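Residue numbers (the working numbering): 104 to 181.
Every residue gets a Cβ at the ideal spot worked out from N, C-alpha and C, and that includes glycine.
If you're wondering where the values come from, they're calculated on a predicted model, not measured in any experiment.
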């Protein structure tokens, strides 16, 4: 009887350790997925910002044509 109880205790301890290991692996897996999502989001955001800067630079260059002083800007209207 004592032998069976000892075997059952060892079995339960072993199962408990397996569950803890599985939970640890699941948590590690969750953290690694979360880290991958964060890195991917940061990369997409960086590319979007870079593209917006290029677009903005081109737009500002096109708008600069309208900001140049005109030939008549310094002449009085009357």
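Neighbourhood of residue i by C-beta, 8 Å cutoff - its chain only, sequence neighbours within 5 removed
{"i": "residue 106", "result": "none"}
Contacts around residue i, its chain only, beta-carbon distance under 6 Å, and the 5 residues preceding and following it disregarded
{"i": "residue 153", "result": "none"}
{"i": "residue 146", "result": "none"}
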